[in-house]
Structure formats: C-alpha cells, structure tokens
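Enquirer:
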Amino acid sequence: MSRQYPVRYGTMNAIVANSYQQVFFLGGVNRALPSAGSNFGGWVVIGAGAASPGFGALKFLRAGAALLATPEAGTFEVDANARPYFTAADGIRRGIMLDDTAAPSVTVLPGAGSGATATVDANGNAGIVLLVTGAATGAGDLFTVTYAHADPSASYPVISAANAAAVALVRNGYLTATATGFTVSQPSTGGATLPAGSYAITFNALGA
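Here is the structure:
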C-alpha cells in the first residue's frame, strides 16, 4: 500500500541581496494553493542549534547601524550602540529593555564618616546597599554605586529605605546619577547628619 503525502505548495530559493543590501525570505509551504498575488507565510530558522564561538542565531553589525528615518510597523532594528527596537502596528518605535545580570559595585565616600563600610547585594541594576557607619555621618557624598555595564546615555535610579534607620537618610538625602551609576549624598544645610548605625537602602535603576 503506497503512502499518500499531502500536497504542499511553496518555493525554495537561494538568499540574494539586492542593490540596497536587502534580503527577502519567501514564505514557507502551505496546504492550499495561495491566491494569485497573495502573501503566504512560513517559518525561518537561522543558526538553529549553533554552538560555535562567534556564531549566533542572529547577529547584527553595529558599525554604521542606523534606525530608519521613518519607523515602519513590524520592523526590528538595532542602532550603532546595539540597542534593539521594535515598531508596533501603531507605527511607534519602542526600545526593548534588556536586563543586566552582572552585579554593580559600591564605594564608601567621606560623608559616610570615619570607619564606614558598604556592601551591595544586587542582580543587575537593582538591589540593596547596606551602609554601616562607625561615626556620625557628615554633609556630602555617602556612597556611590557603579553599574557593571554603563547604560547607553543615562540612568534613572529610585531608592527606598529598607530599614527604619534609613528612613531619615532617604527623606533628607538626594542622589545624582549618570550612565555609569549614582551617588547618594546629604545636603550641607538643614542638619541632616545621621548617627552611627546600619542603613539599608534598596535601589532600582532604569537605563536609557
């Protein structure tokens, strides 16, 4: 008894780039014959199962990469900094956020007082800093958190008190942020110095 396979319609072509260096993948196979002039889709698998160093499933060259002058719906793009974007059906280009899993570092600064120490427990640019002072804090910078990988242009951290002692620090202090990290400080006016103790501060820093 012979086996009858279902009829499939489709095409197989070599990948060819046009004069604009555009490459088009034609649709896959279909169960039914498509109407004349219609589009029909399929699956495109690139680099499936690749394990060799320097070879990935999909790779973009950063050099000379530029976003479209006018966003187009359905477009996935990267810029020269390898930041990814996708344009939805509404025609608005939106940045795709990639989580950093490398932990930042923390540095104690003079405002934290004599004998102060600081540790950080974080995953990427979110975590908790424990500042332990051996003497009363003074005005000025208390500590700096430095990201493992700098953000492309800026960061926008938010801090919160994680224990009772840190409430006054968060309420009276302020922070300054750059693409590489942020610094928590106390003003030189208003008597904002804090007694010796342990101050737990959580942070979450979005990048741009």
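Per this note's numbering, residue -10 is the first one in the sequence shown, and the count goes up by one each step. C-beta atoms are modelled at their ideal positions from N, C-alpha and C, and glycine is treated no differently. Model, not experiment: these values are computed from the prediction.
Between which two residues does the beta strand (DSSP E) holding R83 run?
Expert: Counting along the chain, the beta strand (DSSP E) containing R83 begins and ends at 82 to 84.
Enquirer: Which value, in whole angstroms, describes the spacing of the CA atoms of D130 and G100?
Expert: So the alpha carbons of these two residues sit roughly 5 Å apart.
Enquirer: Report all residues from its chain with a CB closer than 7 Å to the CB of G80; omit the five preceding and five following residues, and keep chain order.
Expert: These residues qualify, in order along the chain: P60, A62.
Enquirer: Taking one C-beta from the stretch 100 to 111 and one from the stretch 152 to 159 each time, how about it: are there three or more such pairs within less than 8 Å?
Expert: In short, these stretches do not touch, since the Cβ pair count stays below three.
Enquirer: Quick check on L87: buried or exposed, where buried means 16 or more other Cβ atoms within 10 Å of its Cβ?
Expert: By the 10 Å Cβ count, L87 comes out exposed.
Enquirer: Can P141 and R72 be called in contact, C-beta distance under 7 Å?
Expert: Cβ distance < 7 Å, so P141 and R72 count as in contact.
Enquirer: Please say whether A168 and A137 have beta carbons closer to each other than 7 Å?
Expert: No, the pair does not count as a contact, with Cβ atoms beyond the cut-off.
Enquirer: So, with DSSP's three-state summary, where would you put N161?
Expert: The answer is helix: DSSP assigns N161 an H, G or I state.
Enquirer: Once you ignore the five residues that flank T76 on each side, which residues in its own chain have a CB closer than 7 Å to its CB?
Expert: P60, E61, A62, G63, T64, R82, listed in sequence order.
Enquirer: Please state whether the Cβ-Cβ distance between A111 and P93 is less than 7 Å.
Expert: It is a contact, given that the beta carbons lie within the stated cut-off.
Enquirer: DSSP three-state call for A143: helix, strand or coil?
Expert: The answer is coil: DSSP assigns A143 none of H, G, I, E or B.
Enquirer: Ignore the nearest five residues each way along the sequence and tell me which others in G113's own chain have a CB closer than 6 Å to its CB.
Expert: Same-chain partners within the cutoff: D88, D89, T90.
Enquirer: How is the beta strand (DSSP E) around F192 delimited, first residue to last?
Expert: Its beta strand (DSSP E) spans residues 187 to 196.
Enquirer: Thinking just about the alpha-carbon of each residue, which of F132, A166, A52 is nearest to the one in L98?
Expert: When only C-alpha atoms are compared, the closest one is F132.
Enquirer: Tell me which residue opens and which closes the beta strand (DSSP E) that P73 is part of.
Expert: Run containing P73: 73 to 76, per the beta strand (DSSP E) assignment.
Enquirer: Tell me the rounded alpha-carbon separation between S174 and L164.
Expert: Looking at the two C-alpha atoms, the distance is approximately 6 Å.
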